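Number of protein chains: 2
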Amino acid sequence: MTPDAITEAPPASAPSAFMGRLGHEPVADIVELLNTKSLDEATEVIAAMPLRWAVEVLDQPQFHDASDVIAALPQDKAVPLLEGMSADRVADVLRWIDEEPRARLRAGLSAETRASIDRLMSYPEGTAGALMTTEFVSVPSSWTIQQTLDHIRRVERSRETIYAIYVLDPASRRLVNTVTLRRLISGASDAPILSVAQPYAPITVPPSLPQEEVARTISKYDFLSVPVVDSTGHVIGIVTVDDVIDAMIEEQSEDVQRMGGMEAIDEPYFRVSFLEMIKKRGGWLAVLFLSEMLTASAMQAYADELEKAIVLALFIPLVMSSGGNSGSQATSLIIRSLALGEVKLADWWRVALRELPTGMALGAILGLIGVLRITIWQTAGIFDYGEHWKLLAVTIGAALVGIVTFGSMAGSLLPFALKRLGFDPAAASAPFIATLVDVTGIIIYFSVAWLFLRGTLL
Amino acid sequence: MTPDAITEAPPASAPSAFMGRLGHEPVADIVELLNTKSLDEATEVIAAMPLRWAVEVLDQPQFHDASDVIAALPQDKAVPLLEGMSADRVADVLRWIDEEPRARLRAGLSAETRASIDRLMSYPEGTAGALMTTEFVSVPSSWTIQQTLDHIRRVERSRETIYAIYVLDPASRRLVNTVTLRRLISGASDAPILSVAQPYAPITVPPSLPQEEVARTISKYDFLSVPVVDSTGHVIGIVTVDDVIDAMIEEQSEDVQRMGGMEAIDEPYFRVSFLEMIKKRGGWLAVLFLSEMLTASAMQAYADELEKAIVLALFIPLVMSSGGNSGSQATSLIIRSLALGEVKLADWWRVALRELPTGMALGAILGLIGVLRITIWQTAGIFDYGEHWKLLAVTIGAALVGIVTFGSMAGSLLPFALKRLGFDPAAASAPFIATLVDVTGIIIYFSVAWLFLRGTLL
Chain A
1 MTPDAITEAP PASAPSAFMG RLGHEPVADI VELLNTKSLD EATEVIAAMP
51 LRWAVEVLDQ PQFHDASDVI AALPQDKAVP LLEGMSADRV ADVLRWIDEE
101 PRARLRAGLS AETRASIDRL MSYPEGTAGA LMTTEFVSVP SSWTIQQTLD
151 HIRRVERSRE TIYAIYVLDP ASRRLVNTVT LRRLISGASD APILSVAQPY
201 APITVPPSLP QEEVARTISK YDFLSVPVVD STGHVIGIVT VDDVIDAMIE
251 EQSEDVQRMG GMEAIDEPYF RVSFLEMIKK RGGWLAVLFL SEMLTASAMQ
301 AYADELEKAI VLALFIPLVM SSGGNSGSQA TSLIIRSLAL GEVKLADWWR
351 VALRELPTGM ALGAILGLIG VLRITIWQTA GIFDYGEHWK LLAVTIGAAL
401 VGIVTFGSMA GSLLPFALKR LGFDPAAASA PFIATLVDVT GIIIYFSVAW
451 LFLRGTLL
Chain B
1 MTPDAITEAP PASAPSAFMG RLGHEPVADI VELLNTKSLD EATEVIAAMP
51 LRWAVEVLDQ PQFHDASDVI AALPQDKAVP LLEGMSADRV ADVLRWIDEE
101 PRARLRAGLS AETRASIDRL MSYPEGTAGA LMTTEFVSVP SSWTIQQTLD
151 HIRRVERSRE TIYAIYVLDP ASRRLVNTVT LRRLISGASD APILSVAQPY
201 APITVPPSLP QEEVARTISK YDFLSVPVVD STGHVIGIVT VDDVIDAMIE
251 EQSEDVQRMG GMEAIDEPYF RVSFLEMIKK RGGWLAVLFL SEMLTASAMQ
301 AYADELEKAI VLALFIPLVM SSGGNSGSQA TSLIIRSLAL GEVKLADWWR
351 VALRELPTGM ALGAILGLIG VLRITIWQTA GIFDYGEHWK LLAVTIGAAL
401 VGIVTFGSMA GSLLPFALKR LGFDPAAASA PFIATLVDVT GIIIYFSVAW
451 LFLRGTLL
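Line by line, the protein sequences give chains A and B.
The opening residue of the first sequence carries number 1 in the working numbering; numbering runs sequentially from there.
The opening residue of the second sequence carries number 1 in the working numbering; numbering runs sequentially from there.
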């Protein structure tokens with residue numbers, strides 16, 4: 001049965017309809033159905049569920065209303081749920097609850113849970129520390145394989161993953177090595193645990209590592225989880241592959257939206273209110289508009305030239321859009337290469353050396369098409385560009401070479417500049433480059449025109 | 001130790017330098033170093049490595065030169081390597097080798113391997129069938145937990161993952177259920193395997209499912225692997241979470257590049273030849289240029305109006321870029337919502353009903369800023385827009401409302417149209433929308449101008 005077939009079950013309207021499905025369907029499908037309900041209905045359903053199932057539902061990051069449901073539940077219902085949930089998820093859920101109810105909920109937690117949550121919440125969003133969970137399996141390096149297996153069987157239910165076991169120094173409790181469950185069950189029962197450890201130092205990440213780099217580490221080494229180790233060498237948590245996938249999907253959405261020139265929206269399209277939508281889109285749109293006003297200022301500076309050669313105005317949209325297109329190509333190429341680590345910050349001059357001839361070649365191609373267009377239209381009598389149409393054609397062609405070269409250079413170098421200044425290249429490049437190339441494009445265009453048409457049209 | 005610290009080991013120049021690192025470093029780091037070598041050097045190193053290590057290196061999808069190395073090795077070296085590699089990786093590697101050497105290599109494989117590879121290669125790229133591997137653990141439903149564990153210990157080395165065990169009907173060999181290793185090791189040895197199976201029908205995917213949907217299934221259910229089941233109910237392979245991550249990263253790069261208006265490049269920036277780069281970027285740039293020529297045609301149609309009111313030309317770049325920006329916002333928002341399944345194809349009219357007021361509100365905001373700009377510049381004496389500057393301001397404001405509304409509507413509906421026609425919305429939306437909004441923008445602008453300025457400026 002495909003997942004889609006499962007989700008097409010008839011909709012349930014009351015808590016009782018949900019109860020019958022618990023344990024007979026994957027929890028992800030129950031969450032999917034709950035997501036279609038109102039907050040009141042979802043709260044009612046969660047309140048009526050047996051604790052074990054309610055915890056499973058709330059543990060799913062796909063459940064949109066988790067924070068609101070927890071906040072809406074009475075304290076004696078909410079606290080046991082939080083105690084049962086995985087620590088990283090509790091930290092995520094609490095992050096979105098208002099300060100007052102959050103303090104009340106936090107006060108209800110056991111001292112141990114509270115300490116875990118406080119530590120997790122102290123790391124900035126988007127870092128390994130914020131993504132990690134504290135529920136992992138660790139054993140002293142003095143244990144045998146059998147001791148470790150017995151321990152895993154005992155604690156299995158309360159751990160996020162048991163597929164990686166972290167072996168600690170019995171005295172200092174520092175991380176010595178990592179053992180995978182698959183190697184563990186292949187070893188002899190009485191052999192020491194370290195006999196099945198990997199033959200090299202464990203790969204770890206610091207809590208401050210950005211989540212994209214955590215994802216890159218997990219993907220590079222094909223890990224199911226990676227330990228987060230503090231500066232003293234102690235494992236403070238692990239990041240699991242499913243958290244990384246969720247983070248990657250979220251990141252991907254944000255990148256696409258930012259490249260489209262808007263603030264990132266982390267809720268589904270139809271759940272964003274009208275005002276929220278206007279705010280997220282209108283803000284950037286207004287910033288872009290204000291910057292693009294520079295094009296009007298640039299044009300005003302050339303008002304006299306325009307007056308003399310109105311034919312120049314006809315090609316402004318064409319020439320400007322070519323600059324924008326070549327800039328956005330180069331920007332998206334470099335943003336991606338930087339994100340994947342294929343290109344490093346120090347490579348900026350190698351990129352520049354490459355984009356200069358690339359931009360000139362691309363500009364020459366477009367310039368040639370432009371010259372052909374004017375020649376064909378003029379000689380076929382489709383439009384009359386005036387007696388100096390040959391000079392006009394040369395102007396358009398030369399301007400395209402200049403503008404496309406500038407667009408490619410600026411587009412490829414801007415992500416480096418933004419990254420160097422500590423900004424996310426994906427966040428700001430597209431809008432910046434559009435404005436930069438448009439304004440400069442107008443200046444290049446009229447400068448080239450002045451060069452070729454001075455004394456004739458101008 | 002962080003991964004970065006590891007990769008900064010001194011570069012090795014001869015095969016012998018690599019040999020000393022085998023087994024002492026993660027294979028991913030050895031691959032990273034090999035990637036910096038020339039094809040000849042890489043081939044020499046692989047040829048000199050013990051078979052087991054060469055197989056591990058070639059099994060890494062991050063190793064760029066795998067296909068070329070295999071093609072360059074003598075047949076008696078290459079065939080044992082292919083036999084040792086995982087079947088899905090062999091299929092990937094062979095896909096990129098020329099027909100003649102590929103046929104020679106294929107002929108050298110054992111009948112069993114050849115059959116696996118042929119089947120994997122028969123699925124189109126980007127589907128579950130092409131992504132899956134045939135090396136998974138399956139046991140009959142009549143076995144006990146102990147029998148299953150013994151079996152897993154025997155076959156562990158040759159399986160891509162052992163964390164999900166597929167339980168088959170002993171007679172028909174159809175998939176009955178899935179058992180995770182963590183549940184398995186928690187069960188009693190003599191209990192039947194099905195006693196630790198999940199309590200619902202297994203989630204599976206058909207071989208034709210696009211890889212994004214495979215990724216969505218794995219991410220939704222937090223799986224480490226998902227079984228690929230054919231129409232007869234037999235498991236023909238599994239897709240593992242690390243293959244999904246690799247596919248997601250690749251997909252993400254392609255989307256970013258396509259949204260930037262170029263053909264997808266799957267090699268690192270500095271490995272793409274100059275000519276290849278011109279081809280991948282120049283093609284789309286030329287197509288966009290040819291479409292944008294329509295803007296010149298549209299402008300030519302309004303040449304008379306321009307002649308009369310040259311002041312109109314000053315705002316063309318500003319007004320056009322606002323249309324383009326609002327269009328690209330709406331497009332990227334909907335592309336992403338469609339990709340995540342938050343919005344379905346049938347929702348197009350709900351989106352349209354939402355974007356109409358959103359576009360009008362956004363247009364009104366920009367229009368207001370535009371009117372303010374002209375008023376301030378005129379009254380402060382920065383620029384003289386002529387005696388009819390109030391009418392001009394109204395024209396710009398009204399045109400912005402029209403163009404931003406059109407941009408939002410067109411931008412949000414185009415992905416639906418492209419998806420309906422069987423295209424990838426991410427592939428074509430950005431370039432299409434730019435042209436569409438630019439050309440229509442000019443027409444809207446001059447129509448509004450004609451409406452407000454007829455009898456005065458026009």
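Backbone N, C-alpha and C fix where the C-beta goes; we use that ideal spot for every residue, glycine too.
From a predicted model like this one, the values you see are computed outputs, not experimental measurements.
Proximity to residue 62 of chain A [Cα-Cα], best of A/48, A/40, A/70 and A/89: Start at 1 with the first residue of the first sequence, and residue 62 of chain A comes out as number 62. Here the closest residue by C-alpha is A/89.
Separation of residue 276 of chain B from residue 260 of chain B, as counted between CA atoms: Taking the first residue of the second sequence as 1, we reach residue 260 of chain B at position 260. Taking the first residue of the second sequence as 1, we reach residue 276 of chain B at position 276. Going by the C-alpha atoms only, they are around 17 Å apart.
C-alpha distance - residue 138 of chain A paired with residue 208 of chain A, whole-angstrom precision: The residue you call residue 138 of chain A lines up with position 138 of the first sequence. The residue you call residue 208 of chain A lines up with position 208 of the first sequence. Computed Cα separation, rounded: 22 Å.
Under 9 Å from the C-beta of residue 322 of chain B: neighbouring residues of chain A: Translated into positions along the second sequence, residue 322 of chain B becomes position 322. Neighbours of residue 322 of chain B on chain A, chain order: 285, 288, 289 and 292.
Closer than 9 Å at the beta carbon, the chain B residues around residue 274 of chain A: By 1-based counting over the first sequence, the position of residue 274 of chain A is 274. For the C-beta of residue 274 of chain A, the chain B residues within less than 9 Å are, from N- to C-terminus, 354, 357, 358 and 361.
Chain B residues whose Cβ lies nearer than 9 Å to that of residue 317 of chain A: Locating residue 317 of chain A in the first sequence gives position 317, where the first residue counts as 1. Ordered by position in chain B, the residues that pass the 9 Å Cβ test against residue 317 of chain A are 292, 295, 296, 298, 299, 316, 317, 320, 438, 439, 441 and 442.
Chain A contacts from the segment 16-37 of chain B (Cβ-Cβ distance under 7 Å): Of all residues in the segment 16-37 of chain B, the ones placed with a Cβ closer than 7 Å to any Cβ belonging to chain A are 23, 24, 25, 26 and 28, in chain order.
According to DSSP, residues forming a beta bridge with residue 177 of chain A: For the purposes of this step, residue 177 of chain A is identified with residue 177 of the first sequence, where counting begins at 1. Residue pairing from DSSP places residue 177 of chain A in a beta bridge opposite A/167.
Cβ of residue 52 of chain B within 9 Å of any chain A Cβ: Position 52 of the second sequence holds residue 52 of chain B. So, not an interface residue.
Any C-beta of chain B under 9 Å from that of residue 57 of chain A: Taking the first sequence and counting its residues from 1, the one referred to as residue 57 of chain A is at position 57. Not one chain B Cβ lies under 9 Å of residue 57 of chain A.
Chain A contact for residue 68 of chain B (CB, 9 Å cutoff): Locating residue 68 of chain B in the second sequence gives position 68, counting from the first residue. Contact with chain A is absent for residue 68 of chain B, since none of that chain's Cβ atoms lies less than 9 Å from the residue's Cβ.
Against chain A: residues of the segment 73-87 of chain B by CB proximity under 9 Å: Within the segment 73-87 of chain B, no residue qualifies.
Closer than 9 Å to chain A by CB, residue 406 of chain B: Within the second sequence, the letter at position 406 stands for residue 406 of chain B. No, residue 406 of chain B does not count as interfacial toward chain A.
Coarse secondary structure for residue 108 of chain A, derived from DSSP in three states: Position 108 of the first sequence holds residue 108 of chain A. Reduced to three states, the DSSP call for residue 108 of chain A is helix.
Segment contact, 8 Å Cβ cut-off, at least three pairs: the segment 306-316 of chain A with the segment 382-398 of chain B: They do not touch, by the three-pair rule.
Counterpart residues of residue 22 of chain B in DSSP-defined beta bridges: As a first step, residue 22 of chain B is located in the second sequence; it is residue number 22 there, counting from the start. Note: residue 22 of chain B sits in a beta bridge opposite B/25.
Contact check, residue 412 of chain B vs residue 355 of chain B, beta carbons under 9 Å: Numbered from 1 along the second sequence, position 412 holds the residue referred to as residue 412 of chain B. Numbered from 1 along the second sequence, position 355 holds the residue referred to as residue 355 of chain B. Closer than 9 Å, so yes.
Environment of residue 32 of chain B [buried if 16+ CB atoms lie within 10 Å]: Taking the first residue of the second sequence as position 1, residue 32 of chain B is located at position 32. Burial check for residue 32 of chain B: the Cβ neighbour count within 10 Å reaches 16 or more, so the residue is buried.
DSSP beta-bridge partners of residue 139 of chain B: Numbered from its first residue, the second sequence carries residue 139 of chain B at position 139. DSSP, once it has assigned bridges, lists B/167 as partnering residue 139 of chain B.
Reduced DSSP secondary structure (H/G/I, E/B, other) of residue 162 of chain A: The sequence position of residue 162 of chain A within the first sequence is 162, counting from 1. Coil.
For residue 61 of chain B: DSSP bridge partner residues: In the second sequence, residue 61 of chain B corresponds to position 61, counting from 1. The partner list for residue 61 of chain B (beta bridge, DSSP) is empty, contrary to what the question assumes.
For residue 402 of chain A, the three-state DSSP class (helix, strand or coil): Translated into positions along the first sequence, residue 402 of chain A becomes position 402. Here DSSP, grouped into helix, strand and coil, assigns residue 402 of chain A to helix.
Span separating the alpha-carbon of residue 449 of chain B from that of residue 374 of chain B: The residue given as residue 449 of chain B occupies position 449 in the second sequence. The residue given as residue 374 of chain B occupies position 374 in the second sequence. One C-alpha to the other measures close to 15 Å.
Residue 160 of chain A classed as buried or exposed, judged by whether at least 16 other C-beta atoms fall within 10 angstroms: The residue given as residue 160 of chain A occupies position 160 in the first sequence. Per the 10 Å Cβ criterion, buried.
Start and end residues, alpha helix (DSSP H) containing residue 241 of chain B: Stepping through the second sequence from its first residue, residue 241 of chain B is reached at position 241. That run of the alpha helix (DSSP H) goes 241-259.
Simplified DSSP assignment, three categories, for residue 437 of chain B: As a first step, residue 437 of chain B must be located in the second sequence, where it is residue number 437. In this structure, residue 437 of chain B counts as helix in the three-state DSSP scheme.
Through-space distance from residue 407 of chain B to residue 5 of chain A, alpha-carbon basis: Locating residue 5 of chain A in the first sequence gives position 5, where the first residue counts as 1. Locating residue 407 of chain B in the second sequence gives position 407, where the first residue counts as 1. The predicted position of residue 5 of chain A is uncertain, since its pLDDT is 41 and thus under 50; a value taken from the coordinates is nonetheless stated next. Going by the C-alpha atoms only, they are around 37 Å apart.
Residue interval of the alpha helix (DSSP H) (run including residue 45 of chain B): Locating residue 45 of chain B in the second sequence gives position 45, where the first residue counts as 1. For residue 45 of chain B, the enclosing alpha helix (DSSP H) begins and ends at 39-48.
Touch test, the segment 229-242 of chain A against the segment 161-175 of chain A, Cβ-Cβ under 8 Å, three pairs minimum: By the Cβ rule, the segment 229-242 of chain A counts as touching the segment 161-175 of chain A, because three or more pairs are nearer than 8 Å.
For residue 219 of chain B, the first and last residue of its enclosing alpha helix (DSSP H): By 1-based counting over the second sequence, the position of residue 219 of chain B is 219. 211-221 is the extent of the alpha helix (DSSP H) around residue 219 of chain B.
Runs of alpha helix (DSSP H) lying entirely within the segment 296-327 of chain A, each at least 4 residues, in chain order: Listed in chain order, they are 303-308.
Range of the contiguous beta strand (DSSP E) that encloses residue 225 of chain B: In the second sequence, residue 225 of chain B corresponds to position 225, counting from 1. 225-229 is the extent of the beta strand (DSSP E) around residue 225 of chain B.
Residue interval of the alpha helix (DSSP H) (run including residue 357 of chain B): Counting from 1 along the second sequence, the entry for residue 357 of chain B is found at position 357. In the DSSP assignment, residue 357 of chain B falls within the alpha helix (DSSP H) that extends over 348-379.
Residue-chain proximity (residue 447 of chain B, chain A), Cβ-Cβ < 9 Å: Translated into positions along the second sequence, residue 447 of chain B becomes position 447. Interface annotation, residue 447 of chain B: not in contact with chain A, CB-CB separation never under 9 Å.
For residue 190 of chain A and residue 60 of chain A, the rounded distance between their alpha carbons: Locating residue 60 of chain A in the first sequence gives position 60, where the first residue counts as 1. Locating residue 190 of chain A in the first sequence gives position 190, where the first residue counts as 1. Rounded to whole angstroms, the separation of the alpha carbons of residue 190 of chain A and residue 60 of chain A is 38 Å.
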